[in-house]
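Sequences listed follow chains A and B, in order. Residues 1 to 811 (full-length UniProt numbering) are what the first sequence spells out, left to right. Residues 1 to 811 (full-length UniProt numbering) are what the second sequence spells out, left to right. All C-beta atoms in this analysis are idealised placements derived from N, C-alpha and C, irrespective of residue type, glycine included.
There are 2 protein chains.
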Amino acid sequence: MDTETETLINGERLKPNQGLPSNSADGAIIYDSSHFQLRSRDRHVSYGSINGAVPLLENNREPEMPGRQSVTFRRLPPEMLTTLSSQFESLDYEPWESRVFKEENSRKTPSSLTKQGVIRWVVVFFIGVCTALIACTIDICVVEITKLKYGFLKKYIDKCVTENCLYIPYLQWLGISCGFAFIASLLVTYGEPVAAGSGIPLVKCYLNGINVHRLHRLKTLFVKAAGVTCSVLGGLAVGKEGPMVHSGAAVAAGLSQGKSTSLGFDFGILKEFRCDQEKRDFVTGGAAAGVAAAFGAPIGGVLFSLEEGSSFWNQNMTWRIFFCSMVSAFTLNVVLSAYHGQIGQLAYDGLLNFGKFPDIPFALLELPIFIGMGIIGGLIGALFNQMNYHISVFRRRFILSRWAKVLEVIVVCSVTVTTGFVMIYCVNDCKPLGAKDDIDFPIQMFCEDGQFNAVAAMWLQTPEASVRALFHDQPGTHNPLSVGLFFITYVFLACWTYGLSISSGIFIPALLSGAAWGRLVGLGLYRLTEGAAWADPGKYALIGAASQLGGIARVTLSLAVILIETTGNLSLGLGLMLTLLTAKLVGDCFNAGIYDMNVQLAGLPMLPWSSPPLCYGTEARDIMSKPVVVLREVERVSTILSVLEETPHQGFPLIFEDRFASPQGKQNSFGMLRGLILRSQLKILLKEKAFCTSPTGGTSQTPVPLETFRMYYPRYPTFQGMHFTEEERSSYLDLRPYLNPTPYTVPMHASLPRTFQLFRALGLRHLIVTDDNNEVVGMITRKTLARYRARICCGTIDFVELPLGGHGVQL
Amino acid sequence: MDTETETLINGERLKPNQGLPSNSADGAIIYDSSHFQLRSRDRHVSYGSINGAVPLLENNREPEMPGRQSVTFRRLPPEMLTTLSSQFESLDYEPWESRVFKEENSRKTPSSLTKQGVIRWVVVFFIGVCTALIACTIDICVVEITKLKYGFLKKYIDKCVTENCLYIPYLQWLGISCGFAFIASLLVTYGEPVAAGSGIPLVKCYLNGINVHRLHRLKTLFVKAAGVTCSVLGGLAVGKEGPMVHSGAAVAAGLSQGKSTSLGFDFGILKEFRCDQEKRDFVTGGAAAGVAAAFGAPIGGVLFSLEEGSSFWNQNMTWRIFFCSMVSAFTLNVVLSAYHGQIGQLAYDGLLNFGKFPDIPFALLELPIFIGMGIIGGLIGALFNQMNYHISVFRRRFILSRWAKVLEVIVVCSVTVTTGFVMIYCVNDCKPLGAKDDIDFPIQMFCEDGQFNAVAAMWLQTPEASVRALFHDQPGTHNPLSVGLFFITYVFLACWTYGLSISSGIFIPALLSGAAWGRLVGLGLYRLTEGAAWADPGKYALIGAASQLGGIARVTLSLAVILIETTGNLSLGLGLMLTLLTAKLVGDCFNAGIYDMNVQLAGLPMLPWSSPPLCYGTEARDIMSKPVVVLREVERVSTILSVLEETPHQGFPLIFEDRFASPQGKQNSFGMLRGLILRSQLKILLKEKAFCTSPTGGTSQTPVPLETFRMYYPRYPTFQGMHFTEEERSSYLDLRPYLNPTPYTVPMHASLPRTFQLFRALGLRHLIVTDDNNEVVGMITRKTLARYRARICCGTIDFVELPLGGHGVQL
């Protein structure tokens with residue numbers, strides 16, 4: 001019996017601590033825990049070592065392949081943009097094929113499967129409807145309150161222009177805007193910081209497989225929706241489309257679980273969807289619905305979700321996502337049509353409706369112009385991102401306290417209002433009234449009677465309306481000088497605004513500033529060609545907008561489709577695509593896209609699209625983390641407790657007890673692989689006290705059912721409040737019913753690309769590295785793989801290894 | 001030395017044949033080859049056994065998991081619709097990470113990567129252009145010759161109606177049509193039988209990973225393009241859209257290789273794209289371009305290719321596919337616009353342009369009607385498929401000789417023409433001339449002056465024009481009786497026609513017959529509601545067309561998007577989707593879609609979307625093929641020759657020589673896994689005579705470079721013309737530089753769903769089943785997995801195991 005107190009960690013049968021009485025084995029952890037440290041910068045020990053006994057893997061391995069040329073990854077120093085945070089864990093996308101799972105599965109009947117399938121469709125339907133309703137609510141609130149705000153201001157401006165009291169409307173404007181900005185900022189800063197920004201990067205990360213905490217809570221949803229409404233009402237240079245995508249994702253996560261942990265109620269339904277895999281599938285649909293509602297682009301929504309979310313194509317899921325998108329677009333259309341008094345007309349395809357472009361004459365010779373505009377957009381975008389990066393770094397260093405964040409929002413808001421007011425005051429761009437009749441509040445300012453100030457028209461409306469105006473106004477409507485001035489000021493304001501502690505999207509600011517310079521190009525061409533039919537400034541405004549968006553966000557395919565759907569013009573599709581691609585290529589030569597930069601700044605270990613190129617010489621054993629903390633199939637409770645307390649790992653390979661003593665392979669490995677168990681499962685088993693007294697395991701015991709595991713999802717028990725008696729500590733936990741007996745493994749000689757592909761294509765969380773005898777030699781996780789990057793530009797490749805930092809042990 | 005003549009097959013070291021002199025070891029194969037037989041119906045031996053020594057795997061395995069409930073798969077008897085053909089092999093989608101590959105890879109520079117990337121885009125550009133040009137050529141030929149044909153006929157009909165000699169235009173019509181049908185049939189039957197039918201099922205199979213022979217040859221492309229032109233000109237109930245997709249795929253496969261084996265020339269360029277993986281990526285783009293050209297749906301094209309082709313999402317590849325689609329749609333637009341005299345107008349989005357639907361009033365209460373129509377479409381579609389199945393089975397049994405196939409085409413063509421003529425003669429549906437002016441050949445027949453025969457208008461134009469007419473004509477244009485009669489005759493003709501030995505698509509016939517009954521429903525609603533605005537017969541014709549297509553083809557998501565794009569109406573999208581989904585669900589209760597039925601009839605081992613449900617109790621060892629034919633790393637030439645001659649396998653696991661003799665695991669396994677080698681590689685190595693004399697392998701020898709392997713791609717050497725001297729036969733082949741050292745493996749206890757997912761997500765060809773010691777115990781290939789199916793309908797699941805038949809050893 002005494003030999004059973006030996007601890008099997010790191011592949012060494014450690015000598016039991018002879019001096020201690022056997023009943024105190026729990027208190028006295030028999031390995032020296034002081035040796036345990038997370039040497040995060042040593043790439044071979046990043047997975048942690050408990051007793052420091054690093055196996056001599058390098059000395060006794062397979063003969064080296066002749067001519068193997070491993071790429072040298074340049075290790076980057078830890079700094080703001082490059083450090084991956086270790087606190088983010090992956091989602092479990094694979095079904096956990098334990099014995100309890102299989103038993104539950106074998107009890108399922110075809111009719112229960114059908115029922116579950118039907119429920120999925122019903123849930124998806126409601127996700128679509130709710131997402132659309134939230135989007136409608138935000139939109140209608142913004143439109144109505146904006147009308148009130150600018151109507152009020154117009155009254156005072158009109159009055160004060162004659163009475164020479166313009167400081168009054170200025171102060172009113174300042175007050176109203178800062179008031180809303182203050183609320184927006186308070187909500188995010190003090191309410192839910194994860195609701196800051198666009199939300200698209202975080203949703204992308206979630207779909208990529210990263211478990212971002214608090215992302216889908218009810219509170220987050222509320223803060224996001226109310227926050228973005230206030231930000232837009234505050235007149236800041238922000239859009240509301242990104243937050244709508246986040247809202248859709250949060251709605252999906254909430255509705256699909258049939259409970260709200262925040263509010264503390266549980267409908268007791270949809271219990272079978274309480275796992276990462278199902279939840280992520282629903283969130284995929286919710287994000288698509290958000291895109292469909294925000295941009296009126298259901299196909300783009302599907303592509304967005306698939307592109308970011310799907311490891312591989314699942315036809316049924318894709319149909320559901322598509323249905324969700326369609327329902328969302330349809331609901332929005334019904335509600336908005338009714339709101340605009342056209343019940344049943346279905347005239348409002350989406351919130352960001354650019355207005356249909358009629359058949360635009362479009363000649364082949366324009367393609368080079370589009371490419372040229374793509375280059376400009378790429379350059380401006382790269383500059384924008386670089387500035388925003390420096391601002392973000394500044395913020396991270398110096399704007400740390402909550403009140404400072406709120407104050408910054410107020411400052412930005414004041415500057416925005418002041419800039420707008422000064423421009424309206426100084427630039428006297430007068431146009432005759434009635435030339436276009438969709439301006440809500442034509443302000444005369446110093447213009448003659450029957451004219452209005454065109455600059456004021458740009459500032460005193462929602463950014464969406466300004467984009468539409470730049471796209472569709474007649475060639476003579478805008479003065480090049482005022483458009484140019486507007487572009488410069490707006491692009492700086494947008495750059496400063498993005499990253500503030502408010503809910504804010506970058507889509508609309510990018511499109512608006514792009515449309516401004518695009519229109520300038522179009523006006524130039526229009527004058528050069530003396531009004532040729534193809535030199536339509538509106539079309540060039542669209543190309544400029546696409547180019548700017550491509551340069552800033554480095555839009556992916558789905559965003560290209562969204563733009564094409566939003567403009568409703570397929571002929572221009574090729575032009576848009578060329579522009580977007582050029583802008584992306586040019587921008588990528590300088591820095592990353594703004595979303596990727598956000599992800600990197602947050603240290604999120606998002607897996608890129610593909611493994612670094614030319615890395616076939618780098619093998620799994622070069623990048624894997626080791627030593628590995630392993631457990632036995634039937635393990636002593638005290639050992640499990642110690643391991644959980646002293647290591648941050650989320651998954652533990654289990655090894656065969658009896659094969660462990662075999663002399664061969666001992667030196668190199670941590671034992672023969674038996675399965676894998678997760679930290680969360682161990683915690684639940686400890687909480688449930690599913691212990692047995694025999695070290696061979698209790699086969700007669702009824703295992704903890706899967707329902708219990710689902711009950712705890714997604715907030716697993718913590719050790720606070722868990723107490724174990726001495727007896728419990730010295731008893732055993734039989735892990736065999738719960739372990740995944742066939743976890744994914746990779747041979748240690750497998751190349752980095754092959755490892756990467758396996759990990760990414762299957763959406764894995766843990767990949768165990770084995771040697772030729774199927775013994776555990778290392779572990780590869782998302783953070784391992786995410787560290788190895790290649791930056792390709794201008795014919796050179798820079799191979800880098802990102803540092804890992806900010807370890808936080810989550811219990 | 002003598003012991004080296006031992007053969008290592010099936011995990012047993014066989015005793016050398018002592019009586020033979022060592023120099024005749026080649027002639028006398030030392031295992032008893034008479035034992036070798038492919039017991040295809042025994043599921044455990046489907047991979048073949050050479051010496052019949054089946055390891056005692058079942059007796060000595062891991063302890064059974066308590067409560068494991070393996071699903072019982074009902075073994076189907078071999079019959080036409082259920083037997084999988086064993087002659088189709090998979091494509092190699094994974095890069096073959098051998099030492100020679102890695103060495104070549106490590107010699108690559110970033111600039112060579114960039115160059116390769118640029119070349120890919122250029123190739124993709126030309127694929128798009130060429131696909132569009134071929135589509136244009138087909139279309140213009142069809143339109144022009146149709147004009148001549150029907151113009152000619154109109155002249156004689158008009159003349160003969162008065163002169164009472166209508167048999168003359170009938171015979172003329174018959175003669176012209178049968179002439180074209182005869183050419184169409186000759187081309188396919190005697191030219192290239194693989195060009196028969198739509199091509200979409202075969203392209204889907206290729207993208208799924210099946211190596212369909214002769215699918216992408218130049219000859220196939222020519223026969224397909226010329227054949228479909230003749231079929232349509234023959235007035236048969238066929239469409240030209242499916243063949244265009246196939247043409248796009250063939251163009252891509254041809255252009256991307258830089259050589260034509262058919263014509264025997266080699267430009268010597270694009271050599272790096274000569275492998276299955278690269279070729280398949282290009283074909284994905286080509287198929288998308290084909291869809292874009294045929295339907296004017298670039299996004300639908302991308303989705304089509306991704307849905308069928310991509311194991312997982314690759315952003316770069318997706319961009320290229322999208323670009324290819326866009327270029328194709330754009331080129332087609334430019335050419336067709338120029339052809340129609342509107343140079344630079346870009347007014348022709350695609351060949352199958354249904355004509356834009358303007359904003360159709362569309363009420364929520366119509367959704368139930370759409371669902372009802374979906375049910376009707378599903379029922380009609382199921383009936384259609386069932387009839388077509390029986391016709392196909394009849395054809396397979398009785399219409400075997402080539403001339404019989406040609407004769408059948410002539411018969412069908414005659415019946416089609418006669419039916420059309422009789423209908424025109426008998427049904428006197430007169431409409432005033434000028435009500436619509438897009439009829440090319442209004443035929444008066446027995447109508448009064450100033451009127452034309454509406455039935456004749458339906459028959460004497462291309463099917464595409466008829467679809468447009470049914471969608472867009474005013475409510476009063478068509479007589480319900482004649483539309484109903486047209487529907488019934490056309491649906492039967494289409495059913496008989498599909499599957500003939502001609503190039504023919506099913507898309508247009510399905511849409512046309514669906515539009516006919518849909519319009520009837522619309523006309524009924526129009527009369528019931530006394531002309532309500534929403535009861536637009538054109539809209540219902542569209543819904544009917546979608547429903548019929550959904551019922552026949554069980555359209556997938558991409559086809560839904562294609563329909564939405566083609567109609568250019570997003571509002572109706574939800575309606576279309578509901579209809580399509582309903583039709584699919586209803587139809588699936590009765591039989592498979594027509595494309596799937598084609599695939600099954602051809603015995604193609606296409607992998608379904610997901611593994612059968614509820615199968616977590618079934619493990620890899622239950623389905624794997626064994627025994628496995630294994631080779632050593634350095635193997636005797638005579639052994640390799642024998643193995644290649646006597647087994648049909650395409651991949652051979654390699655085992656460690658030295659570990660083979662180890663006592664443990666011997667009983668259960670075929671040896672410890674060292675790597676995998678392909679039959680094609682062995683054949684090339686034999687052809688190149690890369691032999692060495694030492695059984696330990698020649699390390700000093702320069703290995704055969706990868707370029708040599710590419711040179712042979714895709715038609716590998718055969719044994720005809722290969723001669724080996726006695727000395728060569730007794731020498732050795734060192735396989736170590738060419739083997740894949742880390743092939744994908746799966747533990748034998750892994751569940752069927754997990755195995756399936758691994759295989760499908762990574763696009764594998766061979767999956768080696770290993771035991772806990774990493775020793776080879778079995779093999780899983782596409783054909784293994786494709787055999788296990790589940791048919792779900794009406795709350796029950798039927799688990800079936802398809803038989804495997806028609807083994808053909810390909811050398």
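**OP:** Use the C-beta contact count for histidine 766 (chain B): other C-beta atoms within 10 angstroms, 16 or more gives buried, fewer gives exposed.
**Re:** buried
Original post:
To which residues does DSSP link valine 704 (chain B) through a beta bridge?
Top reply: Looking at the DSSP assignment, valine 704 (chain B) forms no beta bridge with any residue, so it has no partner.
Original post:
Is there at least one Cβ from chain A nearer than 9 Å to valine 776 (chain B)'s Cβ?
Top reply: no
**OP:** Anything in chain A within Cβ reach of isoleucine 792 (chain B), meaning under 7 Å, just list it in chain order.
**Re:** Pro110
Subject >> Per DSSP, the bridge partner or partners of serine 638 (chain B) >> reply: Answer is none; serine 638 (chain B) lacks a bridge partner.
Original post:
Using a C-beta cutoff of 9 Å, does proline 612 (chain B) count as contacting chain A?
Top reply: no
**OP:** Could you spell out where the alpha helix (DSSP H) holding tyrosine 732 (chain B) opens and where it closes?
**Re:** Element bounds for tyrosine 732 (chain B): not the alpha helix (DSSP H) but the beta strand (DSSP E), 732 to 734.
Original post:
Which ranges would you report for the alpha helix (DSSP H) in the region 388 to 475 of chain A if only whole runs of at least 4 residues count?
Top reply: 402 to 426, 454 to 459 and 463 to 472
**OP:** Inspect the beta-carbon positions of threonine 745 (chain B) and serine 625 (chain B) and report whether they are closer than 9 Å.
**Re:** no
**OP:** Count the other CB atoms, across all protein chains shown, that sit within 10 Å of the CB of methionine 577 (chain A); report buried if there are 16 or more and exposed otherwise.
**Re:** buried
Original post:
Alpha carbon to alpha carbon, what distance is there between glycine 199 (chain A) and serine 504 (chain A)?
Top reply: 8 Å
Original post:
So with Cβ pairs under 9 Å, would you call methionine 779 (chain A) a contact of chain C?
Top reply: In the displayed structure, chain C is absent; the protein chains listed are A and B.
Original post:
List, in order along the chain, the chain A residues whose C-beta lies closer than 7 Å to that of aspartate 772 (chain B)?
Top reply: Met672 and Asn774
Original post:
Helix, strand or coil: how does DSSP classify isoleucine 30 (chain A) here?
Top reply: With a pLDDT of 28 at isoleucine 30 (chain A), under the threshold of 50, the modelled position of this residue cannot be trusted; read the value that follows with caution. Coil, per DSSP.
Original post:
What is the DSSP secondary structure of threonine 796 (chain B), counted as helix, strand or coil?
Top reply: strand
Original post:
Mind pulling the alpha helix (DSSP H) runs of 4 or more residues that sit fully within the region 579 to 638 of chain A?
Top reply: 594 to 601 and 620 to 623
Original post:
By the criterion of Cβ-Cβ separation under 7 Å, what are the contact partners of methionine 326 (chain B) in chain A?
Top reply: Gly573, Leu574 and Met577
**OP:** Could you check what DSSP says for glycine 239 (chain A) in three-state terms: helix, strand or coil?
**Re:** strand
**OP:** Pick out the complete alpha helix (DSSP H) segments inside the region 146 to 196 of chain B, 4 residues or longer, and give them in chain order.
**Re:** 167 to 186
Original post:
isoleucine 768 (chain A) by DSSP, collapsed to three states: which one?
Top reply: strand
Original post:
Does the beta carbon of tyrosine 744 (chain A) sit closer than 9 Å to a beta carbon anywhere in chain B?
Top reply: yes
Original post:
Taking any Cβ of chain B, which residues in the region 98 to 129 of chain A have a Cβ under 8 Å from it, in chain order?
Top reply: Arg99, Phe101, Lys102, Glu103, Asn105, Ser106, Lys108, Pro110, Ser111, Leu113 and Thr114
**OP:** Mind checking which residues open and close the beta strand (DSSP E) that includes isoleucine 677 (chain B)?
**Re:** 673 to 678
Original post:
Looking at C-beta atoms only, is the number of pairs between the region 166 to 180 of chain A and the region 488 to 499 of chain A that lie closer than 8 Å three or more?
Top reply: no
Original post:
So who's on the other strand from arginine 791 (chain B), going by DSSP bridges?
Top reply: B:Asp798
Original post:
Do you know whose CA, among A:Val629, A:Leu559 and A:Cys136, lies nearest alanine 338 (chain A)'s CA?
Top reply: A:Cys136
**OP:** Go ahead and pull the three-state DSSP assignment for arginine 74 (chain A).
**Re:** strand
Original post:
Is the shortest distance between the beta-carbon of threonine 784 (chain A) and the beta-carbons of chain B less than 9 Å?
Top reply: no
**OP:** Look up residue 814 (chain B) in the DSSP assignment and say whether it is helix, strand or coil.
**Re:** As displayed, chain B neither begins before 1 nor continues past 811, which places residue 814 (chain B) out of reach and without an answer.
Subject >> Interface residues of chain A facing arginine 621 (chain B) [CB-CB closer than 7 Å] >> reply: Residues of chain A passing the Cβ test: none, with the nearest at roughly 11 Å.
Original post:
Quick one, which residues of the region 746 to 759 of chain A are near chain B if we go by CB-CB under 8 Å, in chain order?
Top reply: Val746, Pro747, His749, Ala750, Ser751, Pro753, Arg754, Gln757 and Leu758
Original post:
Can you find a CB in chain A that lies within less than 9 Å of the CB of methionine 606 (chain B)?
Top reply: no
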